[in-house]
Amino acid sequence: DVKVTQSSRYLVKRTGEKVFLECVQDMDHENMFWYRQDPGLGLRLIYFSYDVKMKEKGDIPEGYSVSREKKERFSLILESASTNQTSMYLCASSPGGGHTGELFFGEGSRLTVL
Amino acid sequence: EDQVTQSPEALRLQEGESSSLNCSYTVSGLRGLFWYRQDPGKGPEFLFTLYSAGEEKEKERLKATLTKKESFLHITAPKPEDSATYLCAVLATDSWGKLQFGAGTQVVVTP
């Protein structure tokens, strides 16, 4: 059964803390994505990667960075967490050969910044 | 600017009461339109891809259709297990990797 696994389902952090969200996929997919989901706003793309060590900015990259050192792992980093980064974070992957739009999502990481 | 608008925001149905969800979009050129289902506390799950106007896809009680400006997700004789939020997303021809999602329609089906 194919799977995208996010390391933490729930996190509570303080303003200014550095936060790491980890995502691992076991499908040998080339493409990986980080979205955040907020009520009424839908899913918004933060960063994506189409290959190891490659990254591209999405629609809302400010305040975030990413790392992809291995094909199966894509990490989202909040250098200095702020309260407006309280959200549900969703990792997704898709096969290579062009972006099909058929994404496989993890179960999400709900981050609260106090 | 690419835009995706879903309506209604929420829908409450009796079991067996068929209905339709709407996804209207504006993109410079459409590469594909995608429907997802999301259960509470879970990530979205892919349902359908539609590529061109007139195309239809079916899965159990769900049927997705596409025109040049909008897509419909028809739910026929729904059951309580069809309760979920349904998300629509579009991929523009000039927008590699950047799916544009709508805010979703929350569907509740009561017995």
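So the sequence lines, in the order shown, correspond to chains A and B. All residue numbers for the first sequence refer to the numbering used here, where the first residue is 32 and numbers rise by one. All residue numbers for the second sequence refer to the numbering used here, where the first residue is 21 and numbers rise by one. For every residue, glycine included, the Cβ atom is placed at its ideal position computed from N, Cα and C. From a predicted model like this one, the values you see are computed outputs, not experimental measurements.
query, result
"Identified DSSP bridge partners for residue 73 of chain A", "A/69"
"Cutoff 7 Å: residue 79 of chain B Cβ touching any chain A Cβ", "no"
"Coarse secondary structure for residue 96 of chain B, derived from DSSP in three states", "coil"
"Residue-chain proximity (residue 136 of chain A, chain B), Cβ-Cβ < 7 Å", "yes"
"For residue 31 of chain B, the residue or residues it bridges with in DSSP", "B/127"
"Residues bridged to residue 69 of chain B (per DSSP)", "B/54"
"Within 7 Å, strictly: CB atoms of residue 63 of chain B and residue 73 of chain A", "no"
"Identity of the residue in A/79, A/47, A/69 and A/46 nearest residue 54 of chain A by Cα", "A/79"
"Meets three-Cβ-pair contact criterion under 8 Å: the region 24-40 of chain B and the region 90-110 of chain B", "yes"
"Endpoints, beta strand (DSSP E) assigned at residue 37 of chain A", "35-37"
"Contact list for residue 69 of chain B against chain A, beta-carbon separation under 9 Å", "131, 132 and 133"
"First through last residue of the beta strand (DSSP E) which encompasses residue 83 of chain A", "Note, residue 83 of chain A: premise wrong, no beta strand (DSSP E); not H, not E."
"Under 7 Å from the C-beta of residue 79 of chain A: neighbouring residues of chain B", "117"
"Outcome for residue 1 of chain B when other beta-carbon atoms lying within 10 angstroms are tallied against a minimum of 16", "Because chain B is modelled from 21 through 131, residue 1 of chain B falls outside the range shown and cannot be assessed."
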